[in-house]
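J.:
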Amino acid sequence: MGELAGTGAAHSPPAHPPRSAGVAPASEPALRVDWLDPVKALALLAILLNHVVEEFGPGPWFTNPENSWPSLAVRLHTMVPPGTTLFLRSVRAAGWLGDAAPGVFILASGVGLTLSALANPADTLSARAFYRRRLVRLFPLYIAMHFVVLAGALFVPGNLDSFAGLRTMLSLTGIRALPGTFFHISPSWWFVWLILQLYVVYPYLFRALRKLGPANFLLAAIVLTMAARGVGLALPRGRYAWLTGLFFASRLAEFAVGMVLAQMIVSRRERADAHTAPSAPAAPAAPAAPSTFAIFAMAVPCYALGLLASFTLPGALVSNLLVTLGMTGIFWAVWQALLRPEPHLASSAQWLGRRSYAVFLLHQPPLQWTAAWFGQARSLHLAAALGAVGLSVPAAAKIEDATNRAAKWRVSSISLDTRRTLAFVLSAVVAALAIAVIGMHETTEPIARAGAWVMAAALLSLALLYHSLRGETKDGERFVALTALIGGALELFVAPGTSGGFALALGAVGAGIVLMMQAEEWAIPLRMLAAAALVCISAIVGELALRTIAPLETAVWGELPALQNDSTRTFALIPNRVTHLRYNDYDYTVKTNSLGLTSPEIPLARATPNTFRVFVTGDAFTMPEGVDYERSYPSVLGESLAKCMAPRPVQVIDGGVTGYGPNEERAQLAELAPRLRPDVVVEQFYINEWSDISIAPAEFRHSIGLDLGNRTGSRRLRDRSQIKTRMGRMARAAKESLTGQPAAWRYDLAQLDYYRTGDNPLYDARTRRLVAGALGGMKRAADSSGAQLVVAFVPGAVAVTDPSRLPHFPRDENIRDTAAYDLGRPYRSLQQIADSLGIRTIDLTASLRANTGEPSYFAASWHWTPAGHKRAAGAIEHSLDSLGLLGAHCT
Numbered sequence: 004m005g006e007l008a009g010t011g012a013a014h015s016p017p018a019h020p021p022r023s024a025g026v027a028p029a030s031e032p033a034l035r036v037d038w039l040d041p042v043k044a045l046a047l048l049a050i051l052l053n054h055v056v057e058e059f060g061p062g063p064w065f066t067n068p069e070n071s072w073p074s075l076a077v078r079l080h081t082m083v084p085p086g087t088t089l090f091l092r093s094v095r096a097a098g099w100l101g102d103a104a105p106g107v108f109i110l111a112s113g114v115g116l117t118l119s120a121l122a123n124p125a126d127t128l129s130a131r132a133f134y135r136r137r138l139v140r141l142f143p144l145y146i147a148m149h150f151v152v153l154a155g156a157l158f159v160p161g162n163l164d165s166f167a168g169l170r171t172m173l174s175l176t177g178i179r180a181l182p183g184t185f186f187h188i189s190p191s192w193w194f195v196w197l198i199l200q201l202y203v204v205y206p207y208l209f210r211a212l213r214k215l216g217p218a219n220f221l222l223a224a225i226v227l228t229m230a231a232r233g234v235g236l237a238l239p240r241g242r243y244a245w246l247t248g249l250f251f252a253s254r255l256a257e258f259a260v261g262m263v264l265a266q267m268i269v270s271r272r273e274r275a276d277a278h279t280a281p282s283a284p285a286a287p288a289a290p291a292a293p294s295t296f297a298i299f300a301m302a303v304p305c306y307a308l309g310l311l312a313s314f315t316l317p318g319a320l321v322s323n324l325l326v327t328l329g330m331t332g333i334f335w336a337v338w339q340a341l342l343r344p345e346p347h348l349a350s351s352a353q354w355l356g357r358r359s360y361a362v363f364l365l366h367q368p369p370l371q372w373t374a375a376w377f378g379q380a381r382s383l384h385l386a387a388a389l390g391a392v393g394l395s396v397p398a399a400a401k402i403e404d405a406t407n408r409a410a411k412w413r414v415s416s417i418s419l420d421t422r423r424t425l426a427f428v429l430s431a432v433v434a435a436l437a438i439a440v441i442g443m444h445e446t447t448e449p450i451a452r453a454g455a456w457v458m459a460a461a462l463l464s465l466a467l468l469y470h471s472l473r474g475e476t477k478d479g480e481r482f483v484a485l486t487a488l489i490g491g492a493l494e495l496f497v498a499p500g501t502s503g504g505f506a507l508a509l510g511a512v513g514a515g516i517v518l519m520m521q522a523e524e525w526a527i528p529l530r531m532l533a534a535a536a537l538v539c540i541s542a543i544v545g546e547l548a549l550r551t552i553a554p555l556e557t558a559v560w561g562e563l564p565a566l567q568n569d570s571t572r573t574f575a576l577i578p579n580r581v582t583h584l585r586y587n588d589y590d591y592t593v594k595t596n597s598l599g600l601t602s603p604e605i606p607l608a609r610a611t612p613n614t615f616r617v618f619v620t621g622d623a624f625t626m627p628e629g630v631d632y633e634r635s636y637p638s639v640l641g642e643s644l645a646k647c648m649a650p651r652p653v654q655v656i657d658g659g660v661t662g663y664g665p666n667e668e669r670a671q672l673a674e675l676a677p678r679l680r681p682d683v684v685v686e687q688f689y690i691n692e693w694s695d696i697s698i699a700p701a702e703f704r705h706s707i708g709l710d711l712g713n714r715t716g717s718r719r720l721r722d723r724s725q726i727k728t729r730m731g732r733m734a735r736a737a738k739e740s741l742t743g744q745p746a747a748w749r750y751d752l753a754q755l756d757y758y759r760t761g762d763n764p765l766y767d768a769r770t771r772r773l774v775a776g777a778l779g780g781m782k783r784a785a786d787s788s789g790a791q792l793v794v795a796f797v798p799g800a801v802a803v804t805d806p807s808r809l810p811h812f813p814r815d816e817n818i819r820d821t822a823a824y825d826l827g828r829p830y831r832s833l834q835q836i837a838d839s840l841g842i843r844t845i846d847l848t849a850s851l852r853a854n855t856g857e858p859s860y861f862a863a864s865w866h867w868t869p870a871g872h873k874r875a876a877g878a879i880e881h882s883l884d885s886l887g888l889l890g891a892h893c894t
């Protein structure tokens with residue numbers, strides 16, 4: 004793709020010393036090949052047609068096979084594309100055939116690069132100089148297209164492409180070999196990764212060509228290509244990407260043919276020059292070149308043979324090579340017979356060929372965007388698609404020209420003071436975006452995507468400024484800029500959506516290490532020692548600061564300071580304790596009475612014989628977690644019942660403990676119901692009780708952290724480390740951004756497993772028996788104390804909240820898909836068990852489904868907001884009244 008990138012050798016010989024186009028030729032006329040750019044132009048047109056056709060229908064089942072290939076009969080049946088008219092079928096067929104056109108660019112790259120290399124009078128190729136020229140030619144426009152495409156993507160409905168994430172960072176470097184990166188942002192950009200690989204190996208390939216000779220070199224390349232494609236065909240997954248260009252050797256033969264063709268062109272010209280030189284001895288004349296018709300006559304069967312071979316797996320070993328050879332020959336014949344004789348057509352083909360790299364990079368994303376804008380109106384969609392492809396040609400040329408001008412501009416032309424000021428301002432911009440935008444929002448949110456674009460531009464500008472300021476700034480200024488560069492890059496590309504402040508702190512440590520290692524007045528061992536000391540001191544100070552300023556829940560529960568072991572209930576709240584809990588987004592106080600309950604102190608004996616007493620047992624919803632007790636649903640319920648049942652005294656006793664499941668609640672009721680003798684027991688049943696019922700006591704205590712005293716000192720430090728926790732969050736964010744797949748924690752937080760249809764182990768016979776046994780034990784405890792047991796079912800947030808309002812919800816899931824999810828399953832399963840035991844149930848789902856006002860659930864957790872607690876209290880009061888348990892109508 005050196006020639007696709009517009010190198011001078013593609014259309015005219017390069018000059019010596021090097022121009023921006025390439026390496027010097029010994030003789031310009033000797034290396035002129037006027038057909039190369041027109042052939043690329045025709046290949047580009049074939050690619051554009053292919054992408055337009057595939058925008059409106061499926062692609063063909065030939066060329067590179069996929070792992071999900073259908074049978075040969077199906078593939079042969081689809082060889083003729085569907086369509087209502089002969090014209091439409093012909094257009095689709097032509098578009099399908101264009102799927103192989105990138106092979107022409109591969110061959111053309113081999114021709115152009117080798118013509119440039121052979122133009123060196125010394126007949127050698129400097130790898131370092133070659134790499135520098137190729138990268139300078141390839142990357143500026145490629146990076147610029149990222150900014151153009153990702154800016155446009157901000158205005159496309161449903162498009163989630165962004166600068167944030169590892170995939171985009173890898174895309175910017177041209178690396179597209181990892182899962183989820185090959186077709187990222189623009190599917191066409193896979194070619195950049197392929198050509199980058201070919202650039203890396205080209206100096207060695209050129210030496211092999213000169214050493215082995217054209218015939219042996221080509222034979223070796225074909226053997227290596229067939230072996231690589233054989234490996235790709237055996238892959239259990241990723242076959243298509245491998246054969247398309249994920250590994251350069253799978254397309255090496257096409258590139259090698261171009262190299263050999265360039266060698267043949269040069270050798271032929273040399274023989275011709277030697278034959279015509281007046282002072283040279285007589286030499287045999289160069290053989291006559293094949294005619295246009297002869298090349299066309301050879302190209303067509305070669306192409307047809309490759310096309311037929313692509314329908315079989317063994318044929319796929321050589322199909323790309325045959326198709327590329329045939330297509331190149333056909334395009335050459337079209338140039339010679341039709342385009343070259345017409346000056347306007349010839350000049351247009353030359354121009355388009357020179358611009359092919361820019362058009363290739365730009366055209367596909369706008370084409371795909373038209374479906375989002377006009378997909379419902381097919382005719383309008385077609386017009387928009389053709390318009391997008393047409394406009395991409397002049398737009399790409401303008402962008403390429405602007406990029407070339409920018410590449411020639413030097414940052415050092417700005418005054419030193421201005422550059423220093425700009426560096427400081429950009430550092431502040433990067434820090435502000437990292438903390439307030441990228442670190443506070445999901446990467447798919449519009450504000451985060453727009454912020455990521457601005458931050459990427461700021462980082463690039465800051466990097467250029469920092470490079471130009473080397474040796475001209477003070478250490479403090481360098482430290483600020485490096486902190487922003489390292490921390491900003493970590494936040495934007497590695498771990499978007501995590502704490503921007505933490506990323507910048509890591510950036511500050513990294514900046515300090517860089518400056519220490521660059522301190523030339525220190526010996527190298529001293530620099531290393533100072534850097535190690537900085538890391539250790541930063542870790543200690545950072546750990547203490549994070550525990551104080553912004554603690555997160557670590558490998559132990561955030562509620563651990565308020566909990567203790569309990570012999571009958573596994574664990575319980577510590578009695579007579581006021582505990583301020585602050586972790587994640589929570590900041591609340593848990594105050595317990597002498598019984599270890601969050602209710603105010605309540606004597607065991609009733610204040611009056613007719614005091615109406617309700618005991619509520621449950622987990623974090625009831626305790627409550629995330630809000631203070633006064634705003635919890637037991638407290639709100641008590642206040643409401645006191646008003647409606649006045650003058651009869653009312654006591655609502657809150658027995659909720661975070662993490663409690665049916666087993667712990669049964670033990671709690673067996674202990675407290677005989678002592679408190681309530682009139683009504685409300686058991687709050689959250690959907691995760693279907694899994695909590697199977698957790699052993701030792702496992703519960705370990706997850707809480709109640710066994711910390713039995714762990715080693717290093718293990719305790721690790722399990723409570725704020726730095727480790729934050730690094731873990733960054734790692735999972737990096738993995739998610741790299742793969743493009745939602746992380747497992749999103750599914751856990753969304754509680755999706757409880758709603759899955761089919762053979763769900765959460766509702767198997769064993770689990771149902773365990774739940775039935777626990778509820779039966781609660782009923783017996785309530786009955787023996789003269790109380791009526793009522794179970795209040797609490798759904799997950801996804802059952803009552805639009806998933807778009809839950810930032811953690813996995814974006815690839817559709818909770819409304821009844822084939823995959825059953826939102827009524829958890830309650831229905833509970834109700835069946837409760838009915839069999841004679842226990843009345845309350846479904847809080849409808850009451851919690853808020854259409855207006857504050858949502859019932861916190862956006863980033865399982866639990867209720869104050870509004871959710873208020874709705875739950877109202878629903879429970881209404882149900883108790885409807886069941887006749889209040890003795891007086893309250894609602």
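Per our numbering, the sequence shown starts with residue 4, numbered consecutively.
For each residue, glycine too, the CB sits at the ideal point set by N, CA and C.
Using the DSSP secondary-structure output, state which residues sit across from Asn568 in a beta bridge.
T.: Paired residues: Phe574.
J.: Going by the CB atoms, is the gap between Leu598 and Ser694 shorter than 8 Å?
T.: No. Outside cutoff.
J.: Taking the CB atoms as reference points, tell me whether Leu39 and Gly106 lie closer together than 8 Å.
T.: No, Cβ-Cβ distance for Leu39 and Gly106 is not below 8 Å.
J.: Give me the residue from Leu679, Ala302, His705 and Leu153 with the minimum Cα distance to Glu604.
T.: If we check each option's Cα against that of Glu604, Leu679 comes out closest.
J.: When every heavy atom of the ligand ATP is checked, does at least one fall within less than 7 Å of the C-beta of Ala455?
T.: Although the ligand ATP was asked about, the structure shown includes no ligands whatsoever.
J.: Please list, in chain order, all residues of the same chain as Ala46 whose beta carbon is under 7 Å from its beta carbon, the five residues on each side excluded.
T.: Excluding residues within five positions, the ones whose Cβ falls inside 7 Å are Ala104, Val107, Phe108 and Phe334.
J.: Kindly say whether Ile417, judged by its beta-carbon, lies nearer than 8 Å to any beta-carbon of chain B.
T.: The chain labelled as chain B is not found in the depicted structure, where only one protein chain is given.
J.: Classify Leu672: buried if its beta carbon has 16 or more other beta carbons within 10 angstroms, exposed otherwise.
T.: Buried: at least 16 other Cβ atoms inside 10 Å.
J.: By a C-beta neighbour count over all protein chains shown, 10 Å radius and 16 as the cutoff for buried, is Asp102 buried or exposed?
T.: Burial call: buried.
J.: Tell me the residue span of the beta strand (DSSP E) that contains Lys594.
T.: Per DSSP, Lys594 belongs to the beta strand (DSSP E) from Tyr589 to Lys594.
J.: Count the other CB atoms, across all protein chains shown, that sit within 10 Å of the CB of Cys539; report buried if there are 16 or more and exposed otherwise.
T.: Burial call: exposed.
J.: For Pro206 and Phe133, what's the separation of their Cα atoms in angstroms?
T.: Distance between the alpha carbons of Pro206 and Phe133 is about 8 Å.
J.: Smallest Cα separation from Asn407: which of Phe142, Val803 and Thr184?
T.: Of the candidates Phe142, Val803 and Thr184, the one whose C-alpha sits nearest the C-alpha of Asn407 is Phe142.
J.: Which ranges would you report for the alpha helix (DSSP H) in the region 434–508 if only whole runs of at least 4 residues count?
T.: With a minimum length of 4 residues, the continuous alpha helix (DSSP H) runs that stay inside the region 434–508 are 449–471 and 478–492.
J.: Rounded to a whole number of angstroms, what is the C-alpha to C-alpha distance between His881 and Thr821?
T.: Whole-angstrom Cα-Cα distance: 31 Å.
J.: For Leu584, which residues does DSSP report across the bridge?
T.: The partner list for Leu584 (beta bridge, DSSP) reads Tyr591.
J.: I'd like the span of the alpha helix (DSSP H) that includes Leu169, first residue to last.
T.: Leu169 to Thr176 is the extent of the alpha helix (DSSP H) around Leu169.
J.: Give a yes or no on whether the C-beta atoms belonging to Gly545 and Asn587 are separated by under 8 Å.
T.: No, these two residues do not count as a Cβ contact at 8 Å.
J.: Would you call the CB atoms of Gly55 and Ala437 closer than 8 Å?
T.: The sequence given here places Val at residue 55; Gly does not occur at that position. Cβ atoms of Val55 and Ala437: not closer than 8 Å.
J.: Taking just the CA atoms, how far does Ala156 sit from Arg43?
T.: In the sequence on display, residue 43 carries Lys and not Arg. Each residue's Cα considered, the two are about 28 Å apart.
J.: How close, in whole Å, do the beta carbons of Ala623 and His866 come, if the pair is a contact with beta carbons under 8 Å?
T.: Yes, they are in contact, since the Cβ atoms of Ala623 and His866 sit about 6 Å apart, within 8 Å.
J.: Taking the CB atoms as reference points, tell me whether Arg585 and Pro869 lie closer together than 8 Å.
T.: For Arg585 and Pro869, no; Cβs fall outside 8 Å.
J.: Provide the residue(s) that pair with Thr844 in DSSP beta bridges, ordered along the chain.
T.: In DSSP, Thr844 forms a bridge with Val794.
J.: Count the other CB atoms within 10 Å of the CB of Thr127; is the residue buried (16 or more) or exposed (fewer)?
T.: Flag for Thr127 reads exposed.
J.: Does the separation of the CB atoms of Val660 and Leu778 fall below 8 Å?
T.: Not in contact: Val660 and Leu778 (Cβ atoms no closer than 8 Å).
J.: Helix, strand or coil for Asp820 per DSSP?
T.: Coil.
J.: With Val683 as the anchor, note down where its beta strand (DSSP E) starts and where it stops.
T.: Taken as a continuous stretch (DSSP letters only), the beta strand (DSSP E) holding Val683 covers Val683 to Tyr689.
J.: Indicate whether the contact test is met: 3 or more Cβ pairs, each with one atom in the region 494–514 and one in the region 441–458, closer than 8 Å.
T.: Output reads yes: the region 441–458 touches the region 494–514.
J.: According to DSSP, Trp867 sits in a beta bridge with which residue or residues?
T.: Its beta-bridge partners are Tyr860.
J.: Buried or exposed, going by whether 16 or more other CB atoms sit within 10 Å of the CB of Ile450?
T.: Label assigned to Ile450: exposed.
J.: Under 8 Å: do the region 410–419 and the region 359–372 share three or more Cβ pairs, one atom per stretch?
T.: Taking 8 Å as the limit for Cβ pairs, the verdict is that the region 359–372 does not touch the region 410–419.
J.: Around the Cβ of His583, are there at least 16 other Cβ atoms within 10 angstroms (buried) or fewer (exposed)?
T.: Exposed, since its Cβ has fewer than 16 Cβ neighbours within 10 Å.
J.: Can you tell me the Cβ-Cβ gap for Val774 and Pro665, rounded? I've got them flagged as a contact below 8 Å.
T.: Going by Cβ atoms, the distance from Val774 to Pro665 rounds to 6 Å, so yes, they are a contact pair.
J.: Can you check which of these residues, Phe250, Ala548, Phe299 and Ile489, is closest to Ile726 by C-alpha distance?
T.: When each option's Cα is compared against that of Ile726, the closest is Ala548.
J.: Contact check, Ala265 vs Leu121 under 8 Å by CB: the rounded distance?
T.: Confirmed, about 7 Å.
J.: From Ser74 to Leu311, what distance separates their C-alpha atoms?
T.: Each residue's alpha carbon lies about 15 Å from the other.
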